[in-house]
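Inspection log for the structure reproduced underneath, given as structure tokens.
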Amino acid sequence: MSTEHVERRLTAILAADISGYSRLMGNDEEGTLAQLKAHRRALVDRKINEHRGRIVKTTGDGMLVEFASVVEAVRCAVEIQRGMAERNVAVPAGQRIEFRVGINVGDIIIEDDDIFGDGVNVAARLEGLAEPGGICVSGRVQEDAQGKLDIAFEDIGEQKLKNIARPVRAFRVRLDATAAPATAGWRRGLFAALALMILLTAGALWAGLGSEWKFLSILRSGDQFTKSAEVGTKPAIAILPFLNQSDDSAREYFADGLTQDIINALGRFSALTVMSWNAVFPYKGKPASPEEIGRGLAVGYLVEGSVRQTGDRVRVIAQLVDTRQGRVIWSARFEEALADVFALQDNIVTRIVRALAIRVTQIEQNRVFAKPTENLAAYDYVLRARPALQRPTHANNVEARAMLRRAIELDPNYAAAYAALAETYHLASSMGWAESPTAFLSRAEELAIKALSLDDSDVRARITLGHIHLFRQRYNQAEVEIERAIAINPNDAHGLAGRGTILLWLGQTDGAIEALEQAQHIDPDLNAIDRFALSLAYYLKRRYDAAIEQAELNLRTNAGANFSRILLAAAYAQHNRAEDAARVVTMIRRIDPTFDPQEFGTKFLNSGDLEHLRDGFRKARLYPVTGDLPPAERMNR
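Quick note: the sequence shown, position 484, residue 484 per UniProt numbering, numbers continuous.
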């Protein structure tokens with residue numbers, strides 16, 4: 001008897017092929033292959049990566065992809081098919097590449113990098129039921145995705161699939177129709193009310209402030225003004241990662257850091273919506289058109305360019321593009337001595353603001369154009385620390401801390417360095433990387449206060465301090481710090497997520513979800529703590545599928561986030577997925593044998609929220625290590 005272990009897992013499987021592939025190849029082999037390559041590079045592969053899919057294998061006319069989330073698999077397929085329809089508009093009908101897609105969820109066998117099993121076979125057979133440009137899914141996929149996406153499903157009944165023993169209930173995705181579940185209506189109403197509130201608030205501010213609202217003085221001449229698409233809406237812009245064209249490839253961090261500083265500067269203008277670094281980073285070096293990026297990020301404008309450092313000179317070539325028309329609004333070259341890199345950043349920001357013709361306040365001007373440090377070497381260490389901070393592991397945290405300490409040695413008055421160092425201590429305390437979590441939290445608080453004593457407009461320091469106040473149940477102080485941070489930078493995803501987290505602990509779950517989803521729109525790649533807050537908010541609203549999706553995503557990108565694993569066990573149990581809950585509980589005990597669920601969630605002001613969470617723990621059989629349990633339950637725990 002073989003004792004070889006067979007690896008299995010439950011996953012969503014997407015199978016796709018090209019309709020009429022043999023005919024297309026027969027008519028124009030080279031043209032078809034070139035088209036396919038272009039579609040994959042510009043759309044298909046990017047969408048799969050965006051929705052965290054894994055391409056298992058490709059054939060001449062198709063591919064097999066797996067996803068950890070059913071919703072992400074369907075969303076990916078919908079975006080690909082809609083994108084292909086747009087790309088095919090100008091292509092003669094006989095030359096169009098049209099995909100058929102089938103999606104199933106099931107248990108699969110993993111061997112090397114390939115996958116096998118009935119779950120895969122069903123997906124492949126469903127693909128055959130799809131129309132060219134269409135999607136066909138199994139009943140279980142439809143059940144999991146229903147109401148979460150802006151699509152409708154058409155029931156095509158039980159289908160007898162080749163080599164599949166039992167009939168499979170199948171649904172076609174109606175790409176030309178939209179679903180109207182209660183949750184979608186609630187969201188639309190919420191956003192409409194939110195938009196009205198913003199417009200009314202803006203009107204009151206403009207009427208009350210009058211002449212205090214003005215253009216930057218430097219904007220009086222130059223570029224032709226460009227108006228936003230709709231009167232009363234804020235222009236939305238994305239700053240794509242600047243390409244490093246320096247001879248030294250190790251200067252990549254400098255190009256990235258320059259991009260991030262421009263994003264942060266623009267984010268402080270309340271009249272703009274600015275996408276975060278995490279939102280734009282997936283487009284780095286990717287051959288996508290401005291129109292595609294505009295649709296993907298929901299922005300009307302983007303800035304793209306390159307950085308070249310030669311000796312003590314820095315040159316940036318950048319252009320501002322209208323994504324709806326594909327029109328270049330301006331293209332310019334900026335060059336300064338390396339010591340004047342902040343002046344170079346200011347010039348780029350000024351040109352963008354001037355071109356978009358937004359109104360700014362004197363306070364915003366002062367904050368944006370304040371010089372953070374006179375010491376270029378200290379600034380360089382802060383830039384070097386950022387990539388380590390953005391990839392949160394214990395080793396990266398230690399590395400970032402060392403660089404930031406060096407920056408402070410070089411400039412003891414560098415507020416941003418103190419703020420970033422405070423963030424490393426706070427993260428280490430939260431993620432379980434600290435020798436003494438309490439001491440690390442106190443050190444984080446000291447550093448954040450020091451940063452604010454040097455620059456009271458430092459957003460990072462205020463957000464970190466807000467989270468520390470929240471942990472220590474100083475709710476009013478936490479709210480003050482977070483709201484100050486948002487007032488300084490309304491586009492800061494961490495600030496918006498901080499607002500959501502505070503509302504969550506205060507028992508205002510609807511408001512928490514609103515703020516956290518707003519943060520996720522600006523920054524799809526939320527950090528571990530913010531994404532945990534979003535998954536917890538969904539759990540408390542009994543949206544267990546959404547809670548599971550966010551918790552699973554958090555663990556894929558932050559395997560050490562055991563707090564998400566704990567919530568995942570409760571959500572699985574509430575969603576009647578007992579086996580999954582048991583598997584996760586085993587992992588929790590392996591990672592932290594002394595974990596006591598009675599200590600989890602004790603900061604809720606609403607006792608009903610705490611009881612709801614503990615109910616999930618009981619259903620998951622996640623009991624205290626020492627407790628008065630019946631012998632049978634102790635044995636089976």
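Note that CB positions come from ideal geometry on N, CA and C, so glycine has one too.
Between the C-alpha atoms of A537 and T509 there is a straight-line separation of about 6 Å.
Cβ neighbours of Y253 within its own chain (closer than 8 Å, five residues either side excluded): L383, R384, R386, P387.
Closest by C-alpha distance to A551, out of R174, A165, L534, is L534.
Here the stretch 565 to 578 makes contact with the stretch 587 to 598; the two share three or more CB pairs at distances below 8 Å. Per DSSP, the beta-bridge partners of L10 are D107.
Note: E158 is bridge-paired with R169 in the DSSP secondary-structure output. In the DSSP assignment, the residues bridged to T273 are A236. Residue range 578 to 591 is occupied by the alpha helix (DSSP H) that includes A581. For L175, there is no enclosing beta strand (DSSP E), as DSSP marks it with neither H nor E. According to DSSP, residue pairing for N244 in a beta bridge involves V307.
Cβ-Cβ separation between A519 and L496: approximately 4 Å, consistent with a contact (criterion under 8 Å). Per DSSP, the unbroken alpha helix (DSSP H) holding T464 starts and ends at 459 to 471. Between the C-alpha atoms of R75 and I408 there is a straight-line separation of about 45 Å.
Inter-segment contact for the stretch 596 to 615 and the stretch 434 to 453 is absent: fewer than three beta-carbon pairs are separated by less than 8 Å. Under a 10 Å Cβ-count criterion, R543 is classified as buried, with 16 or more other Cβ atoms of the shown protein chains found around its own Cβ. Residue nearest to D525 within the set E481, A165, L297, W505 is L297 (criterion: CA-CA distance). Under the three-pair Cβ rule at 8 Å, the stretch 143 to 157 does not count as touching the stretch 33 to 45. Boundaries of the beta strand (DSSP E) harbouring S138: 135 to 138, taken from the DSSP string.
Between the alpha carbons of D545 and E517 lies a distance of about 16 Å. In the DSSP assignment, A130 falls outside any beta strand (DSSP E), carrying neither H nor E.
Secondary structure note for A570: its alpha helix (DSSP H) is the uninterrupted segment 562 to 574. Rounded to whole angstroms, the separation of the alpha carbons of H394 and L258 is 26 Å. Note on N27: under 16 other CB atoms within 10 angstroms of its CB, so exposed under the neighbour-count rule. Contact annotation: L504 and A493 have beta-carbon atoms that are not nearer than 8 Å. Rounded to whole angstroms, Y425 and Y418 show a C-alpha spacing of 11 Å.
The secondary-structure analysis by DSSP pairs M63 across a beta bridge with A16, T58.
In the same chain as E481, and ignoring 5 residues on each side of it, the C-beta atoms closer than 7 Å to its own belong to R462, L465, G466, H469, in chain order. Taken in chain order, the unbroken stretches of alpha helix (DSSP H) that lie wholly in the stretch 485 to 546 and span 4 residues or more are 493 to 505, 509 to 522, 528 to 540. Under DSSP, Q319 forms a beta bridge with E304, S331. Under a 10 Å Cβ-count criterion, N576 is classified as exposed, with fewer than 16 other Cβ atoms of the shown protein chains found around its own Cβ. One alpha carbon belongs to A265, the other to A378, and they sit about 19 Å apart. Shown here, A288 sits in coil according to DSSP, grouped into three states, outside any helix or strand.
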